[in-house]
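**Q** This structure is in structure tokens; I'll ask about it shortly.
In the working numbering, the protein residues as written are 2 to 243.
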């Protein structure tokens, strides 16, 4: 196979276009619900293990990101303690309660759970706990990938949420296959596209709020004046605003 930047660009744009066209209604519905919940005083959380942890981290104090959000970041599920431990932990549902209690989401809050394969036990358990506590639960996963991994009698993450968004990543996550090896992943790009699509749609409902609950780049002149107002508003709900 002749793999190139041009072919990757074409293939990854096909993934993004599928999300934009086929998940458009769901993304708009979720944005409307999250905006209303924000206006009613609720908070949003984002969870992901492994490389999905990067998508959760993307929401933290990011230029252009919705500010009323806390990523559920934890060293047990990123790679700071090594890939072997992180890979093992994302399959360990016993960690869910500890991680959930660390952030203390409340009833009527919301959570977006990113899990490309949709089968790892920790994200599924987080979703179950969130549902039990009365949170609005959104899952983002590849339905095609998830369905390829489990018999129909087993339930993936899409069965434990209020609504799911399909990221349309291929089986195995990679765009190309060469000599039985996958090349160039897709789910992180897809996930961050979905996240920023939600922010774009939420702005329509929140544009009259003051301070506007979206961060400015810290490198822009006087951006700290706006960002500080936002930080003060959310510091009691976001443990990372120190």
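Each residue gets a CB set at the ideal place from its N, CA and C atoms; glycine is no exception.
Being a predicted model, the structure only gives us computed values, none of them experimental.
State the Cα-Cα distance for the pair residue 233 and residue 6, rounded to the nearest angstrom.
**A** In a straight line, the C-alpha of residue 233 is about 43 Å away from that of residue 6.
**Q** Note down, one range per segment and in chain order, each alpha helix (DSSP H) of at least 4 residues found wholly within the region 139 to 213.
**A** Counting only runs of 4 or more, we get 144 to 150 and 188 to 207.
**Q** Just confirm the distance between the C-beta atoms of residue 147 and residue 119, as a whole number of angstroms; I'd bet it's less than 8 Å.
**A** With a Cβ gap of about 3 Å, residue 147 and residue 119 count as contacting.
**Q** Any idea what DSSP makes of residue 224, helix, strand or coil?
**A** Correct three-state label for residue 224: helix.
**Q** Please return the same chain residues whose Cβ sits closer than 7 Å to the Cβ of residue 24, not counting the five positions on each side in sequence.
**A** Cβ within range, chain order: 166 and 167.
**Q** On a CA-only basis, which of 172, 68, 128 and 161 is nearest residue 197? Give me that one, please.
**A** Selected option, being the one with the closest Cα: 68.
**Q** Rounded to a whole number of angstroms, what is the C-alpha to C-alpha distance between residue 50 and residue 94?
**A** When rounded, the distance between both Cα atoms is 12 Å.
**Q** Assuming contact is defined by CB atoms lying nearer than 9 Å, are residue 194 and residue 12 in contact in what I supplied?
**A** Result no, Cβ atoms of residue 194 and residue 12 do not sit closer than 9 Å.
**Q** Measure the Cβ-Cβ separation of residue 111 and residue 35 and say whether it is below 9 Å.
**A** Yes, these two residues count as a Cβ contact at 9 Å.
**Q** Label residue 114 either buried or exposed according to how many other C-beta atoms from any shown protein chain fall within 10 Å of its C-beta, with 16 as the threshold for buried.
**A** Buried.
**Q** With H, G and I counted as helix, E and B as strand and the rest as coil, what does DSSP make of residue 4?
**A** It is coil, neither helix nor strand.
**Q** Quick one: residues in its chain with C-beta nearer than 6 Å to the C-beta of residue 209, no 5 flanking neighbours on either side, listed in chain order?
**A** Closer than 6 Å at the Cβ level, and outside the excluded window around residue 209, lies no residue.
**Q** Apart from the five residues just before and just after residue 185, which ones in its own chain have a Cβ nearer than 7 Å to its Cβ?
**A** 9, 175, 176 and 177.
**Q** Following the continuous beta strand (DSSP E) through residue 114, name the residue where it begins and the one where it ends.
**A** Residues 111 to 115.
**Q** Might you give, ordered along the chain, the residues of its own chain that have their beta carbon closer than 7 Å to the beta carbon of residue 4, omitting 5 neighbours on each side?
**A** If we look at residue 4 and ignore the five residues flanking it on each side, its Cβ neighbours are 177, 179 and 184.
**Q** Whose C-beta lies closer than 7 Å to the C-beta of residue 238 among residues of the same chain, with five residues either side of it excluded?
**A** These residues qualify, in order along the chain: 44 and 71.
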